[in-house]
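Numbering (the UniProt record's numbering), first residue to last: 1 to 349.
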């Protein structure tokens with residue numbers, strides 16, 4: 001979803017869901033929420049949409065027939081029969097409760113939302129949002145009273161971010177719709193993604209770009225760092241990120257030739273990339289269009305510093321290969337019996 005400005009809430013139902021293992025049950029509300037208060041609608045809209053900053057898209061899946069995926073089916077019913085939205089929201093509540101049978105799953109409020117005006121590439125589509133708030137914060141309230149101030153407190157939901165959520169967009173229905181996820185609690189992530197929703201990541205340009213960058217990072221950590229110096233590892237990462245930043249298309253052969261100089265290391269990387277793909281059952285990521293947003297988001301994940309046992313750290317600004325290749329030199333001092341780094345520069349600042 002590219003823009004939030006034209007998105008609006010069409011319908012909203014709020015229920016309470018407990019932990020099935022603890023027999024906490026569910027509480028279904030009586031009717032949909034009155035959304036005529038514009039300030040409330042704006043607050044809720046920002047609360048629901050603000051967490052979705054990631055590039056990943058998912059789709060519903062099932063081992064035999066996508067129509068047997070409960071959340072796929074309920075989403076399709078809401079899109080096709082919006083007049084029965086509240087009825088289907090209760091079905092979603094009960095489905096969530098059936099999956100909430102792990103002791104670590106927290107009780108909380110369930111929000112089922114029908115959105116309109118979601119921009120997906122060049123299309124305006126509807127969406128179904130499923131959100132769950134599990135944690136409560138304590139808020140202070142200050143009130144005027146006869147030329148004085150009184151302080152009180154209450155417990156409520158912090159609007160800075162949902163605990164769990166998904167947005168189901170009404171496109172590519174035959175392929176399981178397009179879904180975005182958010183989950184702030186990693187301890188029960190499998191429950192939300194796999195048990196409740198049963199989604200798998202879409203293998204698009206974001207997936208391919210992220211996979212190839214993870215391949216480079218894993219190779220640098222598992223292979224490169226063990227056989228080469230830390231400087232060589234930084235050189236490899238800098239060259240890799242530079243390639244992804246400047247190229248429009250990824251080609252595995254071209255990447256290997258332009259980023260790695262030594263024939264032995266090239267062969268090692270090719271073997272590692274093949275094993276990497278086979279282990280993860282990945283096909284077709286040897287050439288693809290590079291997603292620039294994914295590259296920008298993943299840069300901070302990669303190592304661009306050298307940490308020494310003398311409590312000194314050499315940190316490189318960004319991922320410019322010239323920094324480490326031209327201006328940092330590694331050597332060995334025979335007299336001291338220690339490795340050293342020589343750093344070249346024009347001026348200090």
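Ideal Cβ placement from N, Cα and C applies to all residues, glycine included.
DSSP places residue 297 in the uninterrupted alpha helix (DSSP H) bounded by 292–298.
For residue 34 and residue 28, the gap between their C-alpha atoms comes out near 16 Å. In the DSSP assignment, the residues bridged to residue 155 are 138.
Annotation: the continuous beta strand (DSSP E) that includes residue 200 extends over 199–201. In this structure residue 64 does not touch residue 161 by the C-beta definition: roughly 36 Å separates them, more than the 8 Å allowed. When 315, 86 and 338 are compared, the shortest CA-CA separation from residue 238 is found for 315. Residue 204 sits in coil when the DSSP states are folded into three classes, being neither helix nor strand. DSSP lists no bridge partner for residue 308.
Put simply, of 264, 320 and 48 the residue whose alpha carbon is nearest the alpha carbon of residue 118 is 48. Secondary structure of residue 15 (DSSP, three-state): strand. As DSSP reads the structure, residue 118 sits in a beta bridge with 125.
Annotation: residue 285 is outside any alpha helix (DSSP H) and is labelled neither H nor E by DSSP.
In this structure, the alpha-carbon of residue 252 lies about 12 Å from that of residue 260. DSSP assignment within the stretch 8–72 yields the following whole alpha helix (DSSP H) runs of 4 residues or more, N-terminal first: 38–49. By the criterion of at least three beta-carbon pairs nearer than 8 Å, the stretch 60–80 is not in contact with the stretch 18–32. By the Cβ rule, the stretch 78–89 does not count as touching the stretch 214–221, because fewer than three pairs are nearer than 8 Å.
Under the three-state reduction of DSSP, residue 194 is assigned to helix. Boundaries of the beta strand (DSSP E) harbouring residue 342: 338–343, taken from the DSSP string.
Following the DSSP letters along the chain, one finds residue 241 inside the alpha helix (DSSP H) bounded by residues 230–246.
In this structure, residue 36 lies away from residue 116, with their beta-carbon atoms at least 9 Å apart.
Residue 201 is positioned such that its CB atom lies no closer than 9 Å to that of residue 169. Taking the Cα of residue 231 as reference, the smallest distance to any Cα among 157, 10, 191 and 340 is reached at 340. Here residue 150 carries a strand assignment [DSSP, helix/strand/coil].
Using a Cβ-Cβ distance cut-off of 8 Å, the stretch 14–22 and the stretch 136–143 are not in contact, since fewer than three pairs of beta carbons, one from each stretch, lie closer than that value. The C-beta of residue 148 has fewer than 16 other C-beta atoms within 10 Å across all chains shown, which makes the residue exposed. Ranked by Cα distance from residue 172, the first of 121, 165, 94 and 209 is 121. Exclusion of the five residues before and after residue 229 leaves 330 as the residues of its chain whose Cβ lies within less than 7 Å of its Cβ. Annotation: residue 178 to residue 283 spans about 21 Å, alpha carbon to alpha carbon.
In the same chain as residue 294, and ignoring 5 residues on each side of it, the C-beta atoms closer than 7 Å to its own belong to 55, 206, 209 and 210, in chain order. When the beta-carbon positions are compared, residue 74 and residue 95 come within less than 9 Å of each other.
For residue 309 and residue 18, the gap between their C-alpha atoms comes out near 51 Å. Of the other Cβ atoms in all chains shown, fewer than 16 fall within 10 Å of the Cβ of residue 343; this residue is therefore exposed. Within its own chain, the residues whose Cβ lies closer than 6 Å to the Cβ of residue 150, once the five positions on either side in sequence are excluded, are 143, listed in chain order. The Cβ-Cβ distance between residue 269 and residue 234 does not fall below 9 Å. For residue 128, the closest alpha carbon among the candidates 287, 45, 38 and 107 is that of 45. The three-state reading of DSSP puts residue 319 in coil, since its state is none of H, G, I, E or B.
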